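Engineer:
In this note's numbering, the protein residues as written are 16 to 713.
1) Would you mind stating whether residue 215 and residue 20 have Cβ atoms separated by less than 8 Å?
2) Using a Cβ-Cβ cutoff of less than 8 Å, which residues in the same chain neighbour residue 478 once the five nearest sequence positions on both sides are dropped?
3) Which one or two residues does DSSP pair with residue 605 in a beta bridge?
4) Closest to residue 341 by CA distance: which of 464, 234 and 674 is it?
5) Taking just the CA atoms, how far does residue 663 sit from residue 641?
6) One question on the structure: do residue 10 and residue 584 come within less than 8 Å of each other, judged by their Cβ atoms?
7) Answer yes or no: do residue 277 and residue 161 have a C-beta to C-beta separation smaller than 8 Å?
8) Residue 593 lies in the beta strand (DSSP E); which residues open and close that run?
9) Grouping DSSP H, G and I as helix and E and B as strand, with all else coil, what is residue 629?
10) Taking DSSP as the reference, what is the three-state secondary structure of residue 73?
11) At which residue ranges does the region 41 to 125 contain complete beta strand (DSSP E) runs of 3 or more residues, listed in the order of the chain?
12) Could you tell me the alpha carbon to alpha carbon distance between residue 610 and residue 382, rounded to whole angstroms?
13) Exposed or buried, which one is residue 540 when buried takes at least 16 other CB atoms within 10 Å?
14) Does the distance from the CB of residue 352 to the CB of residue 375 come in under 8 Å?
15) If you reduce the DSSP assignment to three classes, tell me which class residue 303 lands in.
16) So, at 6 Å on beta carbons, what are the nonlocal neighbours of residue 470 in its own chain, with the 5 sequence-adjacent residues on each side left out?
17) Decide if residue 397 is buried, meaning its Cβ has at least 16 other Cβ atoms within 10 Å, or exposed.
18) Helix, strand or coil: how does DSSP classify residue 222 here?
19) To the nearest angstrom, how far is the alpha carbon of residue 489 from that of residue 677?
20) Within 10 angstroms of the Cβ of residue 475, are there 16 or more other Cβ atoms? Answer buried if so, exposed if not.
21) Measure from the alpha carbon of residue 385 to the alpha carbon of each residue in 367, 372, 399 and 287, then state which is nearest.
22) I'd like the span of the beta strand (DSSP E) that includes residue 28, first residue to last.
23) What residue range is occupied by the uninterrupted alpha helix (DSSP H) comprising residue 377?
24) Between residue 345 and the rest of its own chain, which residues show a CB-CB distance below 7 Å, the 5 nearest in sequence each way excluded?
25) Cutting at 7 Å between CB atoms, please list the residues of its own chain near residue 638, excluding the five before and the five after it.
26) Which term fits residue 314, buried or exposed, when burial requires 16 or more other beta carbons within 10 angstroms of its beta carbon?
27) Counting Cβ pairs, one atom from each stretch, are 3 or more of them under 8 Å apart for the region 87 to 106 and the region 61 to 77?
28) For residue 196, which beta-bridge partners are listed by DSSP?
29) Start and end of the alpha helix (DSSP H) containing residue 567?
30) In its own chain, which residues sit with a C-beta less than 6 Å from the C-beta of residue 444, not counting the 5 before and 5 after it?
31) According to DSSP, simplified to helix, strand and coil, what is residue 488?
32) Three-state secondary structure (DSSP) at residue 264?
33) Looking at residue 686: is its Cβ nearer than 8 Å to the Cβ of residue 645?
34) May I ask you to list the residues that DSSP assigns as paired with residue 161?
35) Please confirm if the region 597 to 610 is in contact with the region 519 to 527, defined as three or more CB-CB distances below 8 Å between the two stretches.
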């Protein structure tokens, strides 16, 4: 490679989340992956790099063999360098080292088996870098990795001076790191082809190599890009111009690594791409950062000053969304248990299947949220939770673990004890120090956590929803980070937030209903409660009872009410019995809320067994009822809730407003059911009520 020429390492990263809808993956294949490979195959002189996550490759092999074979053909003729990575696209930094290695080795072995090549370099999911990674990556056979030039900027280097690759290490394990050009990320394919060529020409002579690898979905899936990239011929012109530039050499990372020395040594701080750091911040801090950047950019050379700002740390998503943290910690508990079991029985196929299910449950997409729906998308959360339930069930079967069984520990790293109960049918989590609430109700038979309802929380982008940006997506191609618009009118009316986590067995005391007073809101009743117990600390005792586990939760505060909540888990049933003891004569209403999720709100076959079978996304009220079922014919699940004595039942949808690549949208997270009983007790009297939830295959 002559010093007067510029080596250009260009490539795409293709990925679809575990659990994504088939029609979405099929659309991405038809609109981006296949036409891109077709254009590439037509120009054998073009050399570039491709990373496909293992889950996508498996889908392509089974559902789109023409695309899978087309990839194989361009690899076979040496036109494409394949990159490895975590098979199910996990955030590697937060995995135990044995899972880091296992995920990478699985994708590497897949590429060797199906394409006949052993990848040397790796795509790092979401470019989430932590300084401990080199040792684990090198141990897994990785020679080099790609991260954003933003990572280098945070280490004090000027992005416009970066080129080639740099060496870093952890405890002497040496890893090469290629910086991805953010400027090129924003130019390709949104600007004219000539703008990208002009930028490359401007860098010629200053650096020997420049790198751009970015999401393959931007070449056909992102708004407006299919028409631009293929209909208007952008990609054809881009390839033609790259090949016509005699000062430019299209090459691969392996070639650069073999033929050029390292540019230098670098030690990178914890980082991801710029937008990810912003998304990880709490909403107030994100607003402050956005305002600070806007003020700096108005100053002379303000864009350079603004570049010094940084957002948060990827792991803060585990603090920002407790529901995500629970899944993460469950994954860790299972990972260590499966690893211990496999150390003694490494050839056991049942344990190998449990490990594979665990790895599916490490797929990153449901563990965070930004411009893409992420953890706000129930089907992505459902896929991860289903995989972990599958791993848990397989591990128990393989090791002969007794059932029912329970543990009492701080199992999610929040400093408070939880009670974990497992029967042959259910995985249940109770939180004595958070109101005695229920936050996991995993039904093994269907791989469904019926308690998976995400709370409504403020997000910094909600300010734009309140501003009532006109609905509709602007015509033409745009980067995924440009301002989005609401997909429907009236979303600002849904911007209510929850003070308590969306759990079940949330309870509280209300004053008697006054004449003309509206009934309690089933979705958000607690602001008007005389006593809301969802954040209270309950004393707790756990014991085995026959074929079940009984958890007795006690609040003995005296005023205005002592509460005992006895929760018994047997097979596929959770029963809760309450005893209410007032300190003095007491009249009012006692309410218990269940937040339950099946697979959709208003889709066909999802309904309540109330009169006229209202959808799970409806709102309604019944008086004097003693049972109701939530039915999901698509998932094959019925959740039957029974109670005594008779009570008023009200229900309503829990809906969030979140951001996706298409704009702001409402998402059904689950159904809130509120049971309300009248209370009229003297100082020596005791009230009793109870309820039972049973899960069954429908």
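Ideal Cβ positions, reconstructed from N, Cα and C, are used throughout, including at glycine. Keep in mind the model is a prediction, meaning the values are calculated, not measured.
Structural biologist: Concretely, from the data shown:
1) no
2) 302
3) 524 and 692
4) 464
5) 9 Å
6) No answer is possible for residue 10: it lies beyond the span of the chain, which begins at 16 and ends at 713.
7) no
8) 588 to 597
9) coil
10) helix
11) 63 to 67 and 95 to 97
12) 21 Å
13) buried
14) no
15) helix
16) 513, 516 and 517
17) buried
18) strand
19) For residue 489, the pLDDT reaches just 49, beneath the cut-off of 50, and the residue's location in the model is therefore unreliable, although a value from the coordinates is still provided. Spanning the two alpha carbons is a distance of roughly 10 Å.
20) buried
21) 287
22) 21 to 29
23) Premise fails: residue 377 is in no alpha helix (DSSP H) and is neither H nor E.
24) 403
25) 663
26) exposed
27) yes
28) Beta-bridge pairing links residue 196 to no other residue.
29) Element bounds for residue 567: not the alpha helix (DSSP H) but the beta strand (DSSP E), 563 to 570.
30) 433, 435, 454 and 455
31) Any reading at residue 488 must be qualified, since the residue scores a pLDDT of 44, below 50, and its modelled position is unreliable; no value is offered.
32) strand
33) yes
34) 138 and 193
35) yes
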